[in-house]
Amino acid sequence: MAQEHNLAFLKRVPLLASLSEAQLETLAASTVRRNFAKGRTIVAEGDSSQALYYLLSGRAKVQRTDAEGKEVILAVLGAGEFFGEMSLIDDEPRSASVVTLSSCDFLAIGKESFTELMMASKEICMAVMRGLVVRLREADRKIETLALLDVYGRVARVLLDFSEDIDGEKVVPMKVPRQEIAKMIGASREMVSRVMKGLELDGFIVPLGNGRLALRDKIRSYLH
Ligand code: CMP
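Spelled out as structure tokens, the structure:
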């Protein structure tokens, strides 16, 4: 019964769209669907890998922590994205932790059957490679941001990355805590608060309530 349930979910996962019914059935047997509340660790940096994960809903942050407990956020993942593929491919420990930023529904797909499927399906290999390339492009962009932009530019970059086009306006549709922004750009929370206040006073960002923000076009001037 649980397996049939998983099968129905797997059929809707774009990453697995190329698989045959028989391959999906094999995968369903080693797949569990789970829900974690906000603030839970799905994958812990340094652990050995047992599974690949696919986010069905919610948001999760990818982070690394140094010996003193200082954290840096490498990425924020959303519905339709997978994670946990790196250690599955190179058999090294988990490269980072993945922690839920909201309630998250996700699939945990068993390592062995997924590895077998990568061997069997060119399409799955390509989909995983495409995912890795997207991440490399993002990482390149982040290096550029950190190396070339001042703290205003870095905050502007994060806000634009979180924004969506709503009724012709760029809107950050949810509250992004200043502490989280600080961990993404290597600045203190106090510095981020100061920059956000400055951006608001100068009319680059406009609070819309509930932590939502409208971004004015001129905020892009900080990216040069
Ligand atoms: P893995 O190393 O198995 O476990 C941690 C996961 O975090 C990793 O696989 C990737 O799926 C994900 N991850 C690591 N670094 C990044 C990054 N820079 N951007 C997005 N996801 C990442």
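Counted from 1, the sequence shown has number 194 at position 194 by our numbering; the numbering is strictly sequential. Cβ coordinates follow ideal geometry from the N, Cα and C atoms, glycine included. Bear in mind the structure is a predicted one, so any value in this text is a computation, not a measurement.
Would residue i and residue j be called neighbours here (beta carbons separated by less than 8 angstroms)?
| i | j | result |
| --- | --- | --- |
| ARG157 | LEU223 | yes |
| LYS170 | GLY211 | no |
| THR26 | ASN6 | no |
| LYS197 | THR100 | no |
| ARG59 | LEU77 | yes |
| GLY183 | ILE73 | Here the sequence assigns Lys to residue 183, which means Gly is not the residue at that position. Yes. Within cutoff. |
| ILE181 | VAL206 | no |
| LYS70 | LEU88 | no |
| ALA75 | VAL62 | yes |
| ALA187 | VAL134 | no |
| VAL98 | PHE114 | no |
| CYS104 | ASN35 | yes |
| LEU15 | ALA127 | yes |
| SER163 | ARG178 | no |
| GLN50 | LEU117 | no |
| LEU52 | PHE106 | no |
| ARG189 | PHE204 | no |
| GLU45 | ARG64 | yes |
| SER18 | SER121 | yes |
| VAL172 | LEU213 | yes |
Who does residue i pair with in a DSSP beta bridge?
| i | result |
| --- | --- |
| ALA214 | VAL171 and VAL206 |
| LEU201 | In the DSSP output, where bridge partners are listed per residue, LEU201 has none listed. |
| PHE106 | ARG34 and LEU55 |
Where do the ends of the alpha helix (DSSP H) carrying residue i lie?
| i | result |
| --- | --- |
| LEU117 | 111-120 |
Just list the alpha helix (DSSP H) runs in the segment 131-192, keeping only unbroken ones of 4 residues or longer that don't cross its boundaries, in chain order. 151-162 and 178-185
Just list the beta strand (DSSP E) runs in the segment 18-98, keeping only unbroken ones of 3 residues or longer that don't cross its boundaries, in chain order. If we require 3 residues or more, the beta strand (DSSP E) runs fully inside the segment 18-98 come out as 31-36, 41-43, 51-57, 60-65 and 71-77.
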